[in-house]
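A.B. asks: Sending over a structure as structure tokens; questions will come in a sec.
Residue numbers (this note's numbering): 9 to 416.
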């Protein structure tokens, strides 16, 4: 049985008109179309701020929606106060609707399909603000709104816990990598930090490095894979990860597309390969493949020569300095592409002995396995949430409440 009370968006929300000076915000609370994530993925840290001017102010609980290319489904409910660019719509819930219930109504494919139906422009479609306010939604009693929001937010909270654990493990592993292979403070035979304990250092073209280490180019220690393929049923056991499914500044992959969507310029990858978004490499898409799959030529597929070198190579490639080098050697200005041959592969690095890299593997690989396990769990939770969401919003599935209006 569906809900009987149908309203339109302008009945339950309004656009924010308040402005805030750019000087009052930072990259942590600035939102633009660039750092809103596709497929209802929330937001990432902004890569920068406008130099001057004003932004649209948003408050905790407001709903921010990218109005450029609405089919990317970029939406986020604010958990803080900040500012957004002009291409982001800021919606405020009115008193007659639970804010989280409104968010989940708009985090539906049906909403973004509606926005696209009234969008203007072809190459860079933009939603029509008046048309958007005409979106129809069902409005159950307030207690049922809260119960529905609670069910869906419980799933989202579990997804976020997994994401936070993954990020903590990633940061820990990256810090250990830096300590051992950049600062040269790996444990010596007595378990003491090598360099600061007087470990022997030798001259190299990169400066002083530990005795026994070599200077090598990336291309000498990592292979680039260009194994092309055609679309078809032979790909049915693989997942499709074009560049827009690869997260920025996070090694964990939580999203993919069905293999049927893989149409052209395809490359195969295997589990434990490292994927790097080569188009606009400064977005820092460096990800560990948790399964075998397919990507496109806008992504580098990089493979370790030994399985024991996967953690070392992953965190070497994930360093800001590596991405900076890739950006400096990119080709093109409007849409720069990183290049591997005679580009990124030429970057020099201080390369340790095999024993130290094996020790790093023993410590870090279990962390990577946990990250991949939790990412796989999130895939399941997201599917459950996304299947429940439209049914709960339409009233096809009703939430049982007791006499006090609580979940029964």
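Even for Gly, the Cβ is constructed at its ideal location relative to N, Cα and C.
Nearest-angstrom Cα distance between residue 401 and residue 226?
C.D. replies: Translated into positions along the chain shown, residue 401 becomes position 393. Translated into positions along the chain shown, residue 226 becomes position 218. Distance between the alpha carbons of residue 401 and residue 226: 51 angstroms.
A.B. asks: Checking 8 angstroms against the spacing of the C-beta atoms, do residue 16 and residue 141 come in under that value?
C.D. replies: Looking up residue 16 in the chain shown gives position 8. Looking up residue 141 in the chain shown gives position 133. Yes, they are a contact pair.
A.B. asks: Less than 8 angstroms separating the beta-carbons of residue 358 and residue 217?
C.D. replies: Your numbering for residue 358 matches position 350 in the chain shown. Your numbering for residue 217 matches position 209 in the chain shown. Yes, these two residues count as a Cβ contact at 8 angstroms.
A.B. asks: By DSSP, does residue 125 sit in helix, in strand, or in coil?
C.D. replies: As a working mapping, residue 125 is identified with position 117 in the chain shown. In the structure shown, residue 125 sits in a helix (DSSP, three-state: H, G or I).
A.B. asks: Over the uninterrupted alpha helix (DSSP H) stretch that includes residue 378, give me the two end residues.
C.D. replies: Here the question's residue 378 lines up with position 370 in the chain shown. Its alpha helix (DSSP H) spans residues 362 to 402.
A.B. asks: Quick check on this structure: which residue in 306, 312, 270 has the alpha carbon closest to the alpha carbon of residue 281?
C.D. replies: Residue numbering aside, residue 281 sits at position 273 when the chain shown is read from its first letter. A check of alpha carbon separations from residue 281 across 306, 312, 270 identifies 312 as the nearest.
A.B. asks: Would you check if there are 3 or more beta carbon pairs closer than 8 angstroms linking the segment 203 to 222 to the segment 331 to 340?
C.D. replies: no
A.B. asks: Write down the C-beta distance between residue 57 and residue 38 rounded to the nearest angstrom, noting that I regard them as a contact closer than 8 angstroms.
C.D. replies: To locate residue 57, count along the chain shown from 1; it is residue 49. To locate residue 38, count along the chain shown from 1; it is residue 30. Contact holds; Cβ gap of about 5 angstroms.
A.B. asks: Quick one: Cα of residue 108 to Cα of residue 192, how far?
C.D. replies: Position 100 of the chain shown, counted from the first residue, corresponds to residue 108. Position 184 of the chain shown, counted from the first residue, corresponds to residue 192. In this model, residue 108 and residue 192 are separated by some 49 angstroms (Cα to Cα).
A.B. asks: Check whether the Cβ atoms of residue 232 and residue 153 lie closer than 8 angstroms to each other.
C.D. replies: In the chain shown, counting from the first residue as 1, residue 232 sits at position 224. In the chain shown, counting from the first residue as 1, residue 153 sits at position 145. It is not a contact, given that the beta carbons lie outside the stated cut-off.
A.B. asks: Taking 8 angstroms as the cut-off, decide whether the C-beta atoms of residue 353 and residue 189 are in contact.
C.D. replies: Along the chain shown, read from residue 1 onward, the residue named residue 353 stands at position 345. Along the chain shown, read from residue 1 onward, the residue named residue 189 stands at position 181. Contact flag unset, no.
A.B. asks: Mind checking who residue 236 pairs with in its DSSP beta bridge?
C.D. replies: Locating residue 236 in the chain shown gives position 228, counting from the first residue. According to DSSP, which records beta bridges pairwise, residue 236 is partnered with 275.
A.B. asks: Using only alpha-carbon positions, find the residue among 90, 87, 82, 69 that is nearest to residue 103.
C.D. replies: Working through the chain shown from its first residue, we reach residue 103 at position 95. Minimum Cα distance to residue 103 is reached at 69.
A.B. asks: Give me the Cα-Cα distance between residue 167 and residue 254, rounded to the nearest whole angstrom.
C.D. replies: One-based indexing of the chain shown puts residue 167 at position 159. One-based indexing of the chain shown puts residue 254 at position 246. Distance between the alpha carbons of residue 167 and residue 254 is about 17 angstroms.
A.B. asks: What are the start and end residues of the alpha helix (DSSP H) that includes residue 308?
C.D. replies: On the chain shown, position 300 is the one that residue 308 refers to. Segment 307 to 312 is the beta strand (DSSP E) holding residue 308; no alpha helix (DSSP H) there.
A.B. asks: If I'm right that residue 55 touches residue 43 with Cβ under 8 angstroms, what's the distance once you round it to whole angstroms?
C.D. replies: Residue 55 sits at position 47 when you count from the first residue of the chain shown. Residue 43 sits at position 35 when you count from the first residue of the chain shown. Their Cβ separation, rounded to whole angstroms, is 7 angstroms, which keeps residue 55 and residue 43 in contact under 8 angstroms.
A.B. asks: Determine the direct distance from the alpha carbon of residue 65 to that of residue 245, and round the result to whole angstroms.
C.D. replies: Against the chain shown, residue 245 aligns to sequence position 237. Against the chain shown, residue 65 aligns to sequence position 57. Cα to Cα, residue 245 sits roughly 46 angstroms from residue 65.
A.B. asks: In whole angstroms, what separates the C-alpha of residue 306 from that of residue 287?
C.D. replies: Residue mapping note: residue 306 aligns to position 298 of the chain shown, counting from 1. Residue mapping note: residue 287 aligns to position 279 of the chain shown, counting from 1. Going by the C-alpha atoms only, they are around 6 angstroms apart.
A.B. asks: Which residues does DSSP pair with residue 46 in a beta bridge?
C.D. replies: By one-based count along the chain shown, residue 46 stands at place 38. Paired residues: none, contrary to the question.
A.B. asks: Hey, out of 258, 24, 155, 391, whose CA is closest to residue 100's CA?
C.D. replies: Stepping through the chain shown from its first residue, residue 100 is reached at position 92. Of the candidates 258, 24, 155, 391, the one whose C-alpha sits nearest the C-alpha of residue 100 is 24.
A.B. asks: Beta strand (DSSP E) containing residue 63: first to last residue?
C.D. replies: Here the question's residue 63 lines up with position 55 in the chain shown. Its beta strand (DSSP E) spans residues 62 to 66.
A.B. asks: Just the C-alpha distance for residue 399 and residue 297, rounded to the nearest angstrom, thanks.
C.D. replies: Indexing the chain shown from 1 puts residue 399 at position 391. Indexing the chain shown from 1 puts residue 297 at position 289. Each residue's Cα considered, the two are about 33 angstroms apart.
A.B. asks: Name the one or two DSSP bridge partners that residue 29 has.
C.D. replies: Residue 29 sits at position 21 when you count from the first residue of the chain shown. DSSP, once it has assigned bridges, lists 62 as partnering residue 29.
A.B. asks: Entirely within the segment 177 to 209 and at least 4 residues each: give me those alpha helix (DSSP H) ranges in chain order.
C.D. replies: none
A.B. asks: Does the segment 256 to 267 touch the segment 339 to 352, meaning 3 or more C-beta pairs lie closer than 8 angstroms?
C.D. replies: no
A.B. asks: Which same chain residues, not among the five before or five after residue 235, have their C-beta less than 7 angstroms away from its C-beta?
C.D. replies: Here residue 235 corresponds to residue number 227 of the chain shown, with the count starting at 1. Excluding residues within five positions, the ones whose Cβ falls inside 7 angstroms are 275, 276.
A.B. asks: If you draw a straight line from the C-alpha of residue 271 to the C-alpha of residue 242, how long is it?
C.D. replies: As a working note, residue 271 is residue 263 in the chain shown. As a working note, residue 242 is residue 234 in the chain shown. Going by the C-alpha atoms only, they are around 13 angstroms apart.
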